[in-house]
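Participant: The structure follows.
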Amino acid sequence: MANAVRDPRSVLITGASSGIGAALARAYAAPGVTLFLSGRNAERLEQVAAAARQSGAQVNTRTLDVDDREATAAWVAEADATAPLELAIANAGISAGTGSGAESAEQARAIFATNLGGVLNTLDPGIERMRERGRGQIAIVSSLAAFRGFPGAPAYCASKAAVRVWGEALRGHLADAGIGVSVVCPGFVETPMTSVNAFPMPFLMDADRAAWRIKRRLAKDKPRISFPRPLAAAVWLLAALPPGVTDALLSRLPAKD
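Per the numbering used here, residue 32 is the first one in the sequence shown, and the count goes up by one each step.
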């Protein structure tokens with residue numbers, strides 16, 4: 032817990048125009064807090080910023096796509112120069128699957144560019160600056176889908192698995208530098224991303240409730256923040272069983288559009 036930032040005053044959040052990112056912005060908004068929020072939808076991003084300002088936070092927004100390495104690095108550097116970052120949350124992500132047929136190469140590459148490349152583009156420059164100060168905290172939003180590849184969303188599962196493992200490795204690597212690292216693995220959360228799912232989503236959770244869980248556990252420097260517990264336990268079991276046992280079951284699950 033030595034590297035946890037219990038009450039961060041400078042917080043950067045990507046993918047803040049909706050879903051978990053917007054909910055995290057609301058959760059951290061308070062007097063004396065400076066928020067740096069990015070998203071692809073300028074109108075929705077400004078609505079989130081306005082709500083955060085009403086809670087007393089200083090808010091800076093930037094409309095950008097995190098798969099643009101140079102633009103993202105410039106934004107992170109500008110944010111850190113304005114108010115040295117104490118917490119950076121790489122939350123931006125996209126989702127798609129095989130619901131409309133085979134997953135195209137273009138779709139897979141787009142998912143990896145945002146879900147993996149976007150995380151690297153956001154956190155690499157942030158880590159560099161935190162290392163210079165000898166303190167800071169980063170959070171990577173992965174998914175419970177990171178623990179087992181599901182045939183209905185190959186690239187999404189793989190991209191989330193990549194950032195989960197990267198974050199878990201970074202935690203030990205950056206500990207001596209005074210930087211805390213947590214990987215967030217939520218289940219189904221009510222967001223625009225899940226609103227297109229035409230299949231049952233067990234233990235579906237409100238985004239604000241999810242954000243408060245994440246905030247509380249980040250304050251305790253939890254290595255992995257997985258929820259809800261019943262769904263997390265089911266996914267861990269699937270991951271532990273041999274593929275020969277689980278493949279037939281998973282092939283019958285509905286695919287994501």
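C-beta: ideal position from N, C-alpha, C; glycine also.
1. Any contact of the segment 140–152 with the segment 91–98, i.e. 3+ C-beta pairs under 8 Å?
2. Quick check: the segment 63–79 against the segment 173–190, are at least 3 beta-carbon pairs closer than 8 Å?
3. Can you tell me whether DSSP reads Asn-122 as helix, strand or coil?
4. Anyone know if the C-beta pair for Pro-115 and Arg-71 falls short of 8 Å?
5. Spatial neighbours of Met-236 within its chain, please: CB distance less than 6 Å, with the 5 preceding and 5 following residues excluded, ordered by chain position.
6. List the whole-angstrom C-beta distance separating Glu-199 from Val-215, where the pair is believed to meet the contact cut-off of C-beta under 8 Å.
7. Specify the secondary structure class of Thr-45 as computed by DSSP and reduced to three states.
8. Look up Phe-143 in the DSSP assignment and say whether it is helix, strand or coil.
9. Assign Leu-118 to buried or exposed, taking buried as 16 or more other Cβ atoms, counted over all protein chains shown, within 10 Å of its Cβ.
10. Could you tell me the boundaries of the beta strand (DSSP E) in which Asn-72 lies?
Facilitator: The short version:
1. By the C-beta criterion, the segment 140–152 is judged to be in contact with the segment 91–98, since at least 3 inter-stretch pairs fall below 8 Å.
2. Of all C-beta pairs linking the segment 173–190 to the segment 63–79, fewer than three are shorter than 8 Å, placing the two stretches out of contact.
3. DSSP, reduced to helix, strand and coil, places Asn-122 outside both helices and strands of the structure shown, so it counts as coil.
4. If you check the CB distance, Pro-115 and Arg-71 do not come in under 8 Å.
5. Counting only Cβ-Cβ distances below 6 Å, and skipping sequence neighbours, we find Val-220.
6. Not a contact, Cβ separation roughly 12 Å.
7. Note: Thr-45 maps to coil in three-state DSSP.
8. Residue state, collapsed to three classes: helix.
9. Looking at its Cβ environment, which holds 16 or more other Cβ atoms inside 10 Å, Leu-118 is buried.
10. For Asn-72, there is no enclosing beta strand (DSSP E), since its DSSP letter is neither H nor E.
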